[in-house]
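Using the numbering used here, read the sequence shown as starting at 4 and increasing by one per residue. We put the CB at the ideal spot given by N, CA and C, even for glycine. As the structure is a computational prediction, the values presented were derived from the model and not from experiment.
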Amino acid sequence: MLGDEEKLMGYEGLQVIIYLSSKRMIPFVEIHYLQKAPVFTKVDDVMDKLKKHYGTLYTDKSEFAAKVLAEEKEMAMPGEVYEC
């Protein structure tokens with residue numbers, strides 16, 4: 004996803020947090036950074052790289068909760084449940 008060196012260029016203090024839904028593993032992404040390099044320098048498009056890897060992803064927490072988590076709440080977990 005990030006190339007051989009596994010680096011993202013153009014950000015100072017970059018933090019990418021990826022949460023996955025518990026049943027379908029759909030990602031919710033938060034991206035934080037202190038400073039972004041000027042446009043005329045090499046700046047990687049973090050969201051584009053993540054979309055190429057994951058496909059569908061969410062960046063809005065309320066939309067993620069309303070669409071993904073609400074649907075998954077009604078889904079049964081795969082496998083069998085055993086009573087102890």
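(request) Entirely within the segment 43 to 80 and at least 4 residues each: give me those alpha helix (DSSP H) ranges in chain order. (result) Scanning the segment 43 to 80 for uninterrupted alpha helix (DSSP H) segments of 4 residues or longer gives 49 to 57, 64 to 67, 73 to 76, listed from N- to C-terminal end.
(message) I'd like to confirm something about GLU86: is its beta-carbon nearer than 7 angstroms to some heavy atom of the ligand FMN, or not?
(response) Ligands in the displayed structure: none, and consequently the ligand FMN is not present.
(message) Within a Cβ cutoff of 6 angstroms, which residues of the same chain sit near GLN18, ignoring the five residues on either side of it in sequence?
(response) Excluding five sequence positions before and after GLN18, the CB atoms of its chain that fall closer than 6 angstroms to its own CB belong to HIS35, given in chain order.
(message) Using C-beta distances below 7 angstroms, list every residue in its chain close to LYS39, excluding the 5 sequence neighbours before and after it, in chain order.
(response) Once the five neighbours on either side are set aside, the close Cβ partners of LYS39 are GLY13, TYR14, VAL46.
(request) Determine the direct distance from the alpha carbon of MET78 to that of PRO30, and round the result to whole angstroms. (result) 17 angstroms
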